[in-house]
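Residue numbers (the working numbering), protein chains in the order written: chain A, 513 to 884; chain B, 98 to 688.
I have placed the structure first, in the form of structure tokens, so that the comments after it can refer back to it.
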Amino acid sequence: MRRSVRVQMLLTDAFGSFGGISRFNRDFLAALDACSSVERVHALPRLITEPIEEVIPEAVIFDRRAARGRVAFATQLLLYALRAERVDLVICGHLHLLPLAWLAARYQRARLALIIHGFEAFGPSRYPLSNLLVDRIDAFIAVSRYSADRFVRWSHVARERGFVLPNCVDVNRFTPAERDRRLVDRYGLHSSKVMLTVGRMAAGERYKGFDEVINLMPQLFQRFPDLKYLIVGDGSDRGRLEATVKALGLSKDVIFAGHIPESEKVAHYNLADVFVLPSYGEGFGIALIEAAACGIPIVGSAVDGSRDALLDGRLGRLVDPKKPDELVEAISAAMSGTRRRARNDLVETFDVGGFRVRVSRWMSEQAALATA
Amino acid sequence: MVGRLIELQRRRGPDGDGLWSSDDGRVAFGHRRLAIIDTGAQGAQPMSEASGRWTVTFNGEIYNYRALRHELERLGCVFRTNSDTEVLINVIAHWGEAGLRKLRGMYAFALWDGRERELWLARDPYGIKPLYIAHSDGVLWFASQARALAQVAPIDSGRDAAALAGFYLWGHVPEPFTWWSGIRAFPPGHLQRVRFGMTPGPARPFARVEEAYLESAPRAVGGDELRGLLQDSVRHHLVADVPVGVFLSAGIDSNVVASLVAEQNSRLRTVTLAFDEYAGTKMDEAPLAEEAARILGSEHTTIRISRGEFEALLDDFLAAMDQPSIDGLNTYLVSRAAAQLGLKVVLSGLGGDELFGGYPSFHDVPELVRWGRRLAILRPLGDAVQRVLRALAIRDIPPKAPGLLSHSSHLAKAYLLRRALHLEDELPSLLDESWVVEGLERLATTSALGATLAPLHAAGATQHARIAALESCWYMRNQLLRDTDWSSMAHGVEVRVPFVDFSLLERLGPAIASLKPPTKGDLAACCTAIPALVGTRAKTGFTTPVRQWISEAEGTPAVSRGLRGWASWVHREFRMNCPAVAVAQPIGLAA
């Protein structure tokens, strides 16, 4: 008979939240639901910021009480551990949550796995306990080879314990389309060339390359006088970036769209003539594959996890973000083509179906080890 | 599409198939045949009668079709076939809705009246035969299996929260809900007439099990009368043009059925299911059943199932399962054995516990309510006690124990406590709260149980009669009968249930509602030919070693109590094989 496992997952956020990590976690939970080796998943989120609109997968218990604060999170974890059904596998969704995850795994005599997204695990964490416990993990998942390598370099966890699981995109939902007129009106993009970046503007990170692109604007205007730079996303660094833009006199040309609802995402990608993300600390860059699924030409980074997302250049142009000339040339080349575009089928490498197969394979291994 | 629908239900009828559509192509019927009465080509379905006005597709048996045919012939009706199907058509054609009360049997049918351009849908009062319906874009779909409908009809095939919560609450999906949001179970004992091009009116009841106990003033039944009633029911259930067998266990019910069959049928064939794990233990049904078979002089077969065989059959068992259920394995295994022996029709003792107060619930539920009354003063604390005990999660306390106080206020709640697989407050550890909140709200279990009890309550019926009604309309209908249907039909075997007969209930109901309801002792006394030990054997239920097999496979000695672990297991299988995504392609089918 097929042995199934109970999973506990400690998460920063998933349902009722936005951003790359929450997207990955939602996809991961849905993939666990589709695993025959999984009986049930008890998922504890640290944060829920928005009303939950998605359907929670049948096998997942999304413990909303855990999101009420640090104490509530620990309490829910403890209450669950006291109940009769012990879990077989604890998955820690973020390096910062490792101490609690380790305790939960230890108490329940369960295997412990850690998910590495990117920046947070490129070097030792600011939480000493996490660093101390990191070599106690039985397995880890990294969203790219780059993230895995960076993590292994400082943590000294054996590379063999890792599993590279790239982010996924729903290629049936993210598809090429004409520009949405309402959005064109909203942002005043009539007859403009549009350069797009989708990403969080975090003051503590600043690796997505917003400054680099803004600084190139004067050069790019020479070739594309009607150029607009559309930035979708929000974050603590937005005020500084807006000030920079103002100081450069680019307020009319750089548009901060802020956070947009999930339902408008595809239409926003389809406004773009080029998607740019000259980052130097991206773990994977889910926005890259979303843009690729919409058939947008992409200029991405050659020096971080973006390399995985862009399939080593087959899905978009790889540049060194620290070389402005290279960046200008790549953006210009991408925008010089016609607007009619077709999607590169290679993006289907990252389809949800493939993601689920990979998760299922990993879970089967974990289930076998957890029950051995 | 209809062709695909019947193809998906092929196992229910391996002997043939048929498709029919009206001249204008707006109505289409399909049928898979398990030929039992008038097994030749003329008994095939869908069947139209001579005038061509009426066409039917029908699942089940009309046991009194010969008497009805005789009556109809006297009225001038001419028959072309020897089938009960043609009788069914003519019953409706001649007597209209009133004809439904004349039918004795198990049935679900769709009948098209070409003149009035009207569809009739009906299902037997107990709900022995399944009927599922779905609406989409002006098209009405129906089928005997919800799972087949979900794969073909372009409906909302998302998960129904009521089904998910209901499954963990009861161990089955309670009617009218099904696993798929867009599909509903057609209510038993109801008729719906749908005129073409008009909005369908609601289904209307023509017979209710819960009202049968009030058919006449309560009065006890004598031994001879009881025996006569049972003989009559068994005689009706033997109507067939193929050999009929009996599922024989070590319990009273099946022994009485076998013995009554033996009285009427010179050739009795019996089948018993036994498990290797139980060999030599009190749980082993085989020795007593074999002794009974020897006394009755039947051709007997005992099928022994090992864990290895169970595991090899598991995929097929789950593929045959129409909706998630924690039961059905016994009938699946014993029906498979019957099919291998060449049997197409088998009688079962199912329903004896409901008629003769055989379940522990007949004792436990009144006891619980009695204690509840004594402790009424503490009841306001019930929910708090339940919360505290649940939070403490003391492993040695039975999981339903925290609910004792909160579930002893009245009969419906006490019944839920007795029958529930998990109590409501346990669901949040099994399902996300979004499913639980919506599911429990839509199930409205206490008020739904209350609706079953309403006529009995109004008439001041005894607690015994009320429990009998709950057992018949809830546990038996949603679990026993439904599981028996898919698990036997998967092998092309029709299981007949002489204790689940509305005509019998109309006669026996008032006795059940009397102060001296018939007991298992009275039932045993109807036959002299059963082994003495059968009559005295403690009730063990028809158990399978599933729990042990699962816990061994899971490697956890502290497996969930009873069949709780099995429920999660079945749910997982349905999650995998019937994912909650639209599988049907959109079609342009006109209404």
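Note that beta-carbon positions come from the ideal geometry of N, C-alpha and C, so glycine has one too.
A quick note: this is a predicted structure, and the numbers were derived from the prediction, not measured.
Checklist entry - Which residue's Cα is closest to the Cα of aspartate 114 of chain B: B/Asp120, B/Thr136, B/Gly122? => result Counted from its first residue, the second sequence places residue 114 of chain B at position 17. Measuring from the Cα of aspartate 114 of chain B, the nearest candidate turns out to be B/Thr136.
Checklist entry - Between B/Phe671, B/Arg129, B/Pro222, which lies nearest to proline 111 of chain B when the distance is taken from Cα to Cα? => result Residue mapping note: residue 111 of chain B aligns to position 14 of the second sequence, counting from 1. Measuring from the Cα of proline 111 of chain B, the nearest candidate turns out to be B/Arg129.
Checklist entry - What is the rounded straight-line gap between the Cα of proline 227 of chain B and the Cα of leucine 601 of chain A? => result Indexing the second sequence from 1 puts residue 227 of chain B at position 130. Indexing the first sequence from 1 puts residue 601 of chain A at position 89. Proline 227 of chain B and leucine 601 of chain A: Cα-Cα distance of roughly 41 Å.
Item to check | Start and end residues, beta strand (DSSP E) containing aspartate 126 of chain B | outcome: Start at 1 with the first residue of the second sequence, and residue 126 of chain B comes out as number 29. In the sequence on display, residue 126 of chain B carries phenylalanine and not aspartate. 125–130 is the span of the beta strand (DSSP E), which, as asked, contains phenylalanine 126 of chain B.
Checklist entry - Under a three-way DSSP split, which group does lysine 777 of chain A fall into? => result Locating residue 777 of chain A in the first sequence gives position 265, where the first residue counts as 1. DSSP places lysine 777 of chain A in helix when its eight states are reduced to three.
Checklist entry - Would you call the CB atoms of glutamate 570 of chain A and leucine 607 of chain A closer than 7 Å? => result Position 58 of the first sequence holds residue 570 of chain A. Position 95 of the first sequence holds residue 607 of chain A. Going by C-beta atoms, glutamate 570 of chain A is not nearer than 7 Å to leucine 607 of chain A.
Checklist entry - Looking at the structure shown, is phenylalanine 599 of chain B part of a helix, part of a strand, or coil, going by DSSP? => result Mapped onto the second sequence, residue 599 of chain B falls at position 502. Residue state, collapsed to three classes: helix.
Checklist entry - Which ranges would you report for the beta strand (DSSP E) in the segment 770–819 of chain A if only whole runs of at least 3 residues count? => result 786–789, 810–813
Next on the checklist: Give me the chain B residues within the contact set of isoleucine 743 of chain A, using Cβ-Cβ distance strictly less than 9 Å, ordered along the chain.
Outcome noted: For the purposes of this step, residue 743 of chain A is identified with residue 231 of the first sequence, where counting begins at 1. Those within 9 Å of isoleucine 743 of chain A in chain B number zero; the least Cβ separation is about 34 Å.
Item to check | Residue-chain proximity (serine 516 of chain A, chain B), Cβ-Cβ < 7 Å | outcome: In the first sequence, the residue the question calls residue 516 of chain A occupies position 4. True, the Cβ-Cβ gap to chain B drops below 7 Å.
Item to check | Complete runs of the beta strand (DSSP E) confined to the segment 219–288 of chain B [at least 3 residues] | outcome: 229–233, 236–240, 280–282
Checklist entry - Which residue's Cα is closest to the Cα of leucine 385 of chain B: B/Gly348, B/Gly394, B/Gln576? => result Looking up residue 385 of chain B in the second sequence gives position 288. Of B/Gly348, B/Gly394, B/Gln576, the residue nearest in Cα terms is B/Gly348.
Checklist entry - Mind checking if cysteine 549 of chain A is an interface residue toward chain B, Cβ cutoff 7 Å exclusive? => result Indexing the first sequence from 1 puts residue 549 of chain A at position 37. Looking at the sequence itself, residue 549 of chain A is serine, so the reference to cysteine does not match. Taking Cβ atoms only, chain B never reaches closer than 7 Å to serine 549 of chain A, which makes this a no.
Next on the checklist: Taking 7 Å as the threshold (beta carbon to beta carbon), is glutamate 565 of chain A in contact with chain D?
Outcome noted: Note that chain D does not occur in the displayed structure, where the protein chains are A and B.
Checklist entry - What do you reckon, are the CB atoms on alanine 892 of chain A and glycine 797 of chain A nearer than 7 Å? => result Summary: the structure shown does not reach residue 892 of chain A, with chain A confined to residues 513 through 884, and so no result is reported for it.
Checklist entry - the segment 512–535 of chain B: which residues have C-beta closer than 8 Å to a C-beta of chain A, in chain order? => result Pro525, Ser526, Leu527, Leu528, Asp529, Glu530, Ser531, Trp532
Item to check | Beta carbon proximity, methionine 586 of chain B to chain A, threshold 7 Å | outcome: Counting from 1 along the second sequence, the entry for residue 586 of chain B is found at position 489. No, methionine 586 of chain B lies away from the interface with chain A (no Cβ there is under 7 Å from its Cβ).
Checklist entry - What in chain B is Cβ-close to glutamate 841 of chain A, meaning under 9 Å? => result Taking the first residue of the first sequence as position 1, residue 841 of chain A is located at position 329. Per Cβ cutoff of 9 Å: no residues; glutamate 841 of chain A is ~45 Å from chain B at best.
Checklist entry - From proline 654 of chain B to tryptophan 663 of chain B, what distance separates their C-alpha atoms? => result For this step, residue 654 of chain B is matched to residue 557 along the second sequence. For this step, residue 663 of chain B is matched to residue 566 along the second sequence. Low local confidence applies: a pLDDT of 45 at proline 654 of chain B is under 50, so the model's placement there is unreliable, with the coordinate-based value given in what follows. For proline 654 of chain B and tryptophan 663 of chain B, the distance between alpha carbons rounds to 14 Å.
Item to check | methionine 98 of chain B at chain A interface by Cβ criterion, 7 Å | outcome: Residue numbering aside, residue 98 of chain B sits at position 1 when the second sequence is read from its first letter. No, methionine 98 of chain B lies away from the interface with chain A (no Cβ there is under 7 Å from its Cβ).
Checklist entry - Alpha carbon to alpha carbon, how far is arginine 201 of chain B from phenylalanine 155 of chain B? => result Within the second sequence, numbered from 1, the residue matching residue 201 of chain B stands at position 104. Within the second sequence, numbered from 1, the residue matching residue 155 of chain B stands at position 58. Cα to Cα, the separation comes out at about 14 Å.
Item to check | Other residues of its chain near asparagine 888 of chain A: CB distance less than 8 Å, five sequence neighbours each side excluded | outcome: A question about residue 888 of chain A goes unanswered here, because the residues of chain A that appear run from 513 up to 884.
Next on the checklist: What does the alpha-carbon distance come out to for the pair serine 775 of chain A and proline 836 of chain A?
Outcome noted: On the first sequence, residue 775 of chain A is found 263 positions in, with the first residue counted as 1. On the first sequence, residue 836 of chain A is found 324 positions in, with the first residue counted as 1. Answer to the nearest angstrom: the Cα atoms are 34 Å apart.
Checklist entry - Quick one: is glutamate 570 of chain A near chain B, going by C-beta distance under 7 Å? => result Translated into positions along the first sequence, residue 570 of chain A becomes position 58. Yes, glutamate 570 of chain A counts as interfacial toward chain B.
Next on the checklist: I want to know whether the segment 855–871 of chain A touches the segment 535–554 of chain A - three or more CB-CB distances under 8 Å.
Outcome noted: yes
Checklist entry - Taking DSSP as the reference, what is the three-state secondary structure of alanine 643 of chain A? => result In the first sequence, the residue the question calls residue 643 of chain A occupies position 131. Rather than alanine, the amino acid found at residue 643 of chain A in this sequence is asparagine. Three-state DSSP puts asparagine 643 of chain A in a helix.
Item to check | Within chain B, partners of leucine 708 of chain A - CB distance below 8 Å | outcome: As a working mapping, residue 708 of chain A is identified with position 196 in the first sequence. Within 8 Å Cβ-Cβ: nothing; leucine 708 of chain A doesn't reach chain B, min ~31 Å.
Item to check | valine 656 of chain B versus tryptophan 646 of chain B - alpha carbon distance | outcome: Taking the first residue of the second sequence as 1, we reach residue 656 of chain B at position 559. Taking the first residue of the second sequence as 1, we reach residue 646 of chain B at position 549. Annotation note: pLDDT 47 at valine 656 of chain B (below 50); position unreliable, no value reported.
Checklist entry - Helix, strand or coil: which one does DSSP assign to aspartate 350 of chain B? => result Stepping through the second sequence from its first residue, residue 350 of chain B is reached at position 253. In this structure, aspartate 350 of chain B counts as helix in the three-state DSSP scheme.
Item to check | Inside the segment 562–604 of chain A only - beta strand (DSSP E) runs reaching at least 3 residues | outcome: 572–574, 601–604
Checklist entry - Among A/Ala670, A/Ala543, A/Thr709, A/Asp575, which residue has its Cα nearest to the Cα of proline 678 of chain A? => result Position 166 of the first sequence holds residue 678 of chain A. Per the Cα distances, A/Ala543.
Checklist entry - Ordered along the chain, which non-local residues of its own chain (more than five positions away) have a Cβ less than 8 Å from that of asparagine 362 of chain B? => result For the purposes of this step, residue 362 of chain B is taken as the residue at position 265 of the second sequence. Cβ neighbours of asparagine 362 of chain B beyond the five flanking positions: Leu335, Val341.
Checklist entry - Would arginine 579 of chain B be called buried (16 or more neighbouring beta carbons within 10 Å of its own) or exposed? => result Indexing the second sequence from 1 puts residue 579 of chain B at position 482. Buried, by the Cβ-count rule.
Next on the checklist: Can you confirm whether the segment 295–314 of chain B touches the segment 258–272 of chain B when touching is taken to mean that 3 or more C-beta pairs between the two stretches lie within less than 8 Å?
Outcome noted: no
Checklist entry - Considering only residues of the same chain and omitting the five flanking positions on each side of arginine 330 of chain B, which have a CB-CB separation below 6 Å? => result As a position in the second sequence, residue 330 of chain B is number 233, starting the count at 1. Per the sequence presented here, residue 330 of chain B reads as serine, with arginine not at that position. Cβ within range, chain order: Pro595, Asp598, Leu601.
Next on the checklist: Determine, for glycine 673 of chain B, whether the minimum Cβ-Cβ distance to residues of chain A falls below 7 Å.
Outcome noted: For the purposes of this step, residue 673 of chain B is taken as residue 576 along the second sequence, with counting starting at 1. Rather than glycine, the amino acid found at residue 673 of chain B in this sequence is methionine. For methionine 673 of chain B, the answer is yes, since a Cβ of chain A falls inside 7 Å of its Cβ.
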